[in-house]
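Student: Going line by line, the protein sequences match chains A and B. Per this note's numbering, the very first residue in the first sequence carries number 4; after that it's consecutive. Per this note's numbering, the very first residue in the second sequence carries number 7; after that it's consecutive. Every residue, glycine too, gets a C-beta built ideally from N, C-alpha and C. Here the structure is a predicted model, which means the values were calculated and not measured. Can you read through this structure? Questions will come right after.
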Amino acid sequence: MLSAELLEEGQHLMAVCNSCRYCEGFCAVWQSMETRTVFEEKDLNYLSNLCHNCSECYYSCQYSPPHEFAINPPKTFAKLRVYTYELYAWPGPMAKAFHRNGLKVTLLTVLILVAVMTSASFLLGGQLFMTVHDGNFYKIVPHSVMSIAFAVVGSFSALALLIGFLRFWRNVGESYSTLASPGALATTAKDIFTLVNLDNGGDGCSYPQENSSESLKWFHHATFYGFLSCLIATTLGAFDYFALGQHGPPAFTSLPVIFGTVGGVGLIVGPIGLWIMMQRRNEEIVDKSQNGMDLSFIVLLVAISITGLLLLVLRQSAAMGSLVLIHLSFVMTLFLTMPYGRFVHGIYRSGALLKWSLERSRQAKSKASA
Amino acid sequence: MDDLSGFDVLVVGGGNAGLAAALSAREGGAKVLLLESAPQWFRAGNSRHTRDLRCMHDAPTKVMSGAYTEDEFYKDVLSVTQGKTNEHLARMTIRASTECTEWMGSYGVRFQKALGGTLQLGRTNAFFLGGGKAMMNAYYDAAYRVGVRVVYNAEVVALRVVDGEFQSLTALIDGKSTTVVATAVVVSSGGFESNLEWLKEAWGPMADNFLIRGTPYNKGKVLKCLLDLGMESISDAREGHMVAIDGRSPKFDGGIVTRLDCVSLGIVVNNKGERFYDEGEDFWPKRYAIWGRLVAEQPDQVGYCFIDSKAMGKFMPTLFPPFKAETIGELAQALKLPAEQVVETIKAYNDAVQPGTFDHETLDDCKTTGLKPAKTHWALKIDQPPFYAYPLRPGITFTYLGLMVNDRATVLMKGGTRSKNIFAAGEIMAGNVLGMGYAAGIGVTIGTVFGRIAGREAAMQALNPQAASLATPEVAIHAVR
């Protein structure tokens with residue numbers, strides 16, 4: 004349940020902001036706020052996820068602390084967001100994971116997975132440290148084992164994320180039928196792909212510090228598109244295996260390797276950039292309780308990319324076997340923690356953007372009919 | 007505090023006018039020191055509460071729609087000031103306003119796109135993206151970039167002026183008394199609206215019940231010093247911008263969110279439960295400007311606006327929720343008003359309301375008959391529960407008593423002689439253009455225009471006094487244009 008204290012903080016924020024409205028030119032949050040007069044929990048849940056944490060409003064605010072109104076939109080929204088992550092988590096008891104997914108837990112998970120896989124490999128008579136001259140890591144972990152394990156974990160994560168999204172959608176007052184709105188979906192995709200809310204017409208935003216900067220947008224782009232590129236690489240790899248019957252390691256010039264390499268570089272540059280910005284950001288506007296969640300997500304992405312790229316380079320050496328296990332353990336941990344960590348921001352923020360797009364077209368319609 | 011000597015131009019007060027002056031003096035090649043009395047986070051005086059500026063333009067611009075000609079602008083000035091203006095200075099300000107947004111933009115100030123803005127002022131006014139504090143943040147960044155030296159927590163307490171020539175001033179910097187010398191000075195330190203003693207001197211005991219909407223740092227000390235040193239004054243200590251705001255607002259610095267604009271949708275009573283003025287007399291700008299004074303004249307300087315559920319949602323959301331009850335009597339009791347009288351006042355009003363077609367966008371035909379005072383527009387019966395009420399108090403936004411200047415922003419002394427090296431910009435001289443009344447965004451316009459002139463003139467005075475003394479007023483204006 005949303006604590007009375009945080010509900011009150013959110014409502015106070017909205018009361019001040021909606022009677023001021025100076026920030027209306029900054030982003031969707033304020034434009035959407037202006038269409039409301041009452042702010043219940045569901046409105047706060049929606050608006051907090053619509054916030055992209057650019058922080059321009061904070062520095063522009065006449066009422067930020069030490070002013071007695073003590074308005075701090077990025078921080079209040081951040082606290083509300085993590086509350087919504089817990090609220091929508093599936094299965095329910097996993098909500099607690101949002102506060103226990105720090106670096107230690109993540110690394111422990113990786114270690115356990117490495118240990119389990121190594122033991123399994125030895126028990127099954129696999130020769131982990133043998134040099135596999137053709138670089139075929141399916142000799143270490145058979146393709147069937149890999150596909151089944153990841154299909155199970157991946158499906159579970161996908162299901163958990165989907166249920167979370169649907170819970171969000173209902174909670175903020177939308178019905179499932181509104182999801183099928185091609186126009187709104189297209190606008191939302193554009194908003195996501197361009198991060199228009201992080202970039203005031205090319206002016207950047209006030210993160211990590213007050214000075215206008217576009218770093219947040221570009222490092223996020225590197226991460227997001229890197230992730231997407233890796234997804235494409237995996238899909239293409241699966242296609243090559245199943246449809247084309249290419250069971251050996253893909254060539255360096257093959258599409259899966261190219262997409263994987265580009266994605267891997269993006270997933271090193273992006274998250275490290277975001278990490279550096281975390282070190283430089285203004286602590287006043289941060290909900291520090293979420294640092295662990297952010298850090299573990301960053302570490303996982305970077306570790307997956309580094310081990311993945313190493314694997315590509317060293318796939319014909321004796322290190323390949325252990326690298327495969329380590330790489331797969333990191334990937335498996337990412338899949339396991341995805342529904343209970345920073346990754347979900349993408350799900351709910353996309354949902355909030357979709358709702359905002361729908362709201363705009365409804366307003367346009369009601370204006371036209373009036 | 008390290009060395010504060012060797013500056014050509016000293017700017018006192020770091021609001022919009024002060025920063026415009028500092029940047030403009032830098033453009034003129036001067037070494038500039040700016041003293042700001044507030045701490046960094048609360049810097050920029052009332053400019054941090056502003057949102058837009060009024061600009062003349064003959065065709066749509068990136069940030070304003072339509073056209074707003076010199077004559078229309080001047081007509082608006084005449085109308086709000088009821089003629090209490092200096093036509094030469096007003097027209098000069100209006101003409102120079104055409105360049106303001108571009109000049110501000112060159113220092114990083116961002117504007118909302120045309121047609122934005124909640125107040126339907128998109129034609130006459132340009133709105134800062136993120137409001138006045140964002141505008142000032144951009145200005146300060148620019149000032150640091152071009153090498154203006156800024157000192158915060160620097161309150162000027164005394165000036166040394168000999169024969170109209172500024173020599174030095176004393177400032178308390180972080181509480182420590184420091185003497186600062188410079189060749190020319192620009193005073194842009196605002197009015198005296200947060201100086202409670204001075205307000206009381208001007209208004210009498212009723213001033214105790216005034217709320218100050220803006221910064222607590224505008225004490226008017228520099229203004230007082232200069233008036234005491236023989237500078238000519240303009241306007242009057244009781245002139246300024248006073249509006250009726252939510253009575254629950256903080257004493258200082260409540261800013262825009264203290265606004266209440268439901269007066270025209272209901273009726274207003276004093277604490278005896280009696281009406282005292284036509285709530286439907288006029289539209290927002292005028293209504294906004296007069297109701298502060300109307301409430302100030304009532305006992306204990308309070309008013310209570312009563313509306314019913316029909317009015318809800320028809321005015322800007324308020325910071326504090328309204329008082330609410332199912333009957334007028336209960337509502338009056340909750341406000342500790344004489345319930346019987348309030349009930350009777352509202353009954354008399356309801357009985358006097360004539361049928362009409364309500365239209366909040368025009369001066370409609372909904373009015374009362376036989377009621378004193380009448381409500382001449384937007385008069386609807388207050389009969390649909392639940393009923394709501396907001397307490398009102400006078401909120402001072404700024405004061406107009408100031409320094410008389412010429413069109414080169416030079417401060418004039420009693421008898422009309424020009425000061426040699428004292429220039430003024432912003433609220434401290436706004437009374438030259440606005441003897442009374444107010445039009446949204448005009449304060450920032452005056453501050454920007456005179457700030458630029460003052461900075462340019464001060465730099466010229468400091469670096470090239472001979473040329474400065476030869477320059478004609480027209481040259482001064484063209485230098486800015």
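Residues of chain B with CB under 7 Å from Val19 (chain A), in chain order?
Tutor: Correct list: Val263 and Leu325.
Student: Just verifying my parser: in three-state terms, what is the DSSP assignment at Val154 (chain B)?
Tutor: Coil at Val154 (chain B), not helix or strand.
Student: Could you give the DSSP three-state label for Arg57 (chain B): helix, strand or coil?
Tutor: Three-state result, Arg57 (chain B): coil.
Student: In the segment 23-47 of chain A, which residues sit with their C-beta less than 8 Å from some C-beta in chain B, listed in chain order?
Tutor: From the segment 23-47 of chain A, only Cys23, Arg24, Tyr25, Cys26, Glu27, Gly28, Phe29, Glu37 and Thr40 have a Cβ closer than 8 Å to chain B.
Student: Check whether chain B comes within 8 Å of Glu59 (chain A), counting only Cβ atoms and requiring the distance to be less than that.
Tutor: Judged by the 8 Å Cβ criterion, Glu59 (chain A) is in contact with chain B.
Student: Taking only beta-carbon positions, decide if Trp47 (chain B) is within less than 8 Å of chain A.
Tutor: Trp47 (chain B) counts as touching chain A.
Student: Among the candidates A:Ser6, A:Ser369, A:Ala31 and A:Leu5, whose CA atom is the shortest distance from the CA of Ile195 (chain A)?
Tutor: Nearest option by C-alpha distance: A:Ala31.
Student: Under 8 Å between C-beta atoms, does Asp259 (chain B) make it to chain A?
Tutor: Chain A contact via Cβ: present.
Student: Quick one: list the residues of chain B neighbouring Tyr62 (chain A), beta-carbon separation under 9 Å, in chain order.
Tutor: Per Cβ cutoff of 9 Å: Gly136, Lys139, Ala140 and Asn143.
Student: DSSP has Glu161 (chain B) in a bridge; who is on the other side?
Tutor: For Glu161 (chain B), which the question treats as bridged, DSSP gives the partners B:Leu178.
Student: Can you find the residues in the same chain that come closer than 8 Å, C-beta to C-beta, to Thr351 (chain B), ignoring five residues on each side of it along the sequence?
Tutor: Ile273, Val275, Gly279, Glu280 and Arg281, listed in sequence order.
Student: Any beta-carbon of chain A closer than 8 Å to the one on Thr124 (chain B)?
Tutor: In this predicted model, Thr124 (chain B) has a pLDDT of only 49, less than 50, meaning its place in the structure is not dependable; the value taken from the coordinates is given anyway. Thr124 (chain B) counts as touching chain A.
Student: Buried or exposed, going by whether 16 or more other CB atoms sit within 10 Å of the CB of Thr238 (chain A)?
Tutor: When all chains shown are included, Thr238 (chain A) counts as exposed.
Student: Give me the chain B residues within the contact set of Glu71 (chain A), using Cβ-Cβ distance strictly less than 7 Å, ordered along the chain.
Tutor: Going along chain B in sequence order, the residues near Glu71 (chain A) (Cβ under 7 Å) are Pro256.
Student: Which residue wins for smallest C-alpha separation from Leu325 (chain B), given the options B:Met466, B:Ala385, B:Pro397 and B:Gln307?
Tutor: Taking only the C-alpha atoms, the option nearest Leu325 (chain B) is B:Pro397.
Student: Measuring CB to CB, does Ile434 (chain B) end up less than 8 Å from Gly196 (chain B)?
Tutor: Contact: yes.
Student: So does Phe196 (chain A) have its beta carbon nearer than 7 Å to some heavy atom of the ligand COA?
Tutor: As far as ligands go, the structure on display features none, and thus does not contain the ligand COA.
Student: Are Ala1 (chain B) and Gly457 (chain B) closer than 8 Å when you measure CB to CB?
Tutor: For chain B, the structure presents residues 7 to 487; residue 1 (chain B) sits outside this window and is missing.
Student: Whose C-alpha, out of A:Leu314, A:Phe140 and A:Ser158, is nearest the C-alpha of His250 (chain A)?
Tutor: Nearest C-alpha to His250 (chain A): A:Phe140.
Student: Would you call the segment 39-49 of chain A and the segment 58-74 of chain A in contact, with 3 or more CB pairs under 8 Å?
Tutor: With a cut-off of 8 Å, the segment 58-74 of chain A and the segment 39-49 of chain A do not count as touching, because too few Cβ pairs lie within range.
Student: Would Gly123 (chain B) be called buried (16 or more neighbouring beta carbons within 10 Å of its own) or exposed?
Tutor: Low confidence applies here, because Gly123 (chain B) scores a pLDDT of 44, under 50, leaving its location unreliable; read the following figure in that light. Buried is the call here.
Student: By DSSP, does Cys513 (chain B) sit in helix, in strand, or in coil?
Tutor: Nothing about residue 513 (chain B) can be reported from this structure: the residues present for chain B run from 7 to 487 only.
Student: Rounded to whole angstroms, what's the CA-CA distance from Gly21 (chain B) to Gly447 (chain B)? Just pull it up for me.
Tutor: Going by the C-alpha atoms only, they are around 15 Å apart.
Student: In the structure shown, what three-state DSSP assignment does Tyr228 (chain A) receive?
Tutor: The answer is helix: DSSP assigns Tyr228 (chain A) an H, G or I state.
Student: Considering only residues of the segment 137-211 of chain A, which uninterrupted alpha helix (DSSP H) runs meet the minimum length of 4 residues and lie entirely inside it, listed in chain order?
Tutor: As far as the segment 137-211 of chain A is concerned, its whole alpha helix (DSSP H) runs of at least 4 residues are 146-174 and 185-197.
Student: For a contact defined as C-beta to C-beta under 9 Å, what are the partners of Gln65 (chain A) on chain B?
Tutor: Result: Arg54, His55, Gly137, Gly138, Lys139, Asp259, Gly261, Ile262 and Val263.
Student: Which of the three DSSP states is assigned to Lys292 (chain B) in this structure?
Tutor: DSSP places Lys292 (chain B) in helix when its eight states are reduced to three.
Student: Since Gly401 (chain B) and Leu217 (chain B) should fall inside the 8 Å C-beta cutoff, what is the C-beta to C-beta distance between them, to a whole number of angstroms?
Tutor: Indeed, because the Cβ distance is near 5 Å, the residues count as touching under 8 Å.
Student: Just curious, the alpha helix (DSSP H) that Ser112 (chain B) is in, first and last residue?
Tutor: Segment Cys106 to Ser112, the alpha helix (DSSP H) holding Ser112 (chain B).
Student: Using 8 Å as the threshold, is the segment 207-221 of chain B in touch with the segment 242-262 of chain B, meaning 3 or more CB pairs across them?
Tutor: Segments in contact, yes.
Student: Going by beta carbon distance, what residues of the same chain come within less than 7 Å of Pro222 (chain B), once the five residues before and after it are set aside?
Tutor: So the qualifying residues of the chain are Ser200, Phe258 and Asp259.
Student: Give the C-beta separation of Leu235 (chain B) and Val187 (chain B) to the nearest angstrom, bearing in mind that I take them to be a contact with Cβ-Cβ under 8 Å.
Tutor: Between Val187 (chain B) and Leu235 (chain B) the Cβ distance is about 17 Å, and since that is not below 8 Å, they are no contact.
Student: Roughly how many angstroms separate the alpha carbons of Leu16 (chain A) and Leu266 (chain B), rounded to a whole number?
Tutor: Each residue's alpha carbon lies about 18 Å from the other.
Student: Skipping 5 residues on each side, what residues in its chain have a beta carbon closer than 8 Å to that of Glu12 (chain A)?
Tutor: Answer for Glu12 (chain A): Thr79 and Lys82, listed in chain order.
Student: Using 8 Å as the threshold, is the C-beta distance between Ala306 (chain A) and Phe333 (chain A) below it?
Tutor: Yes.
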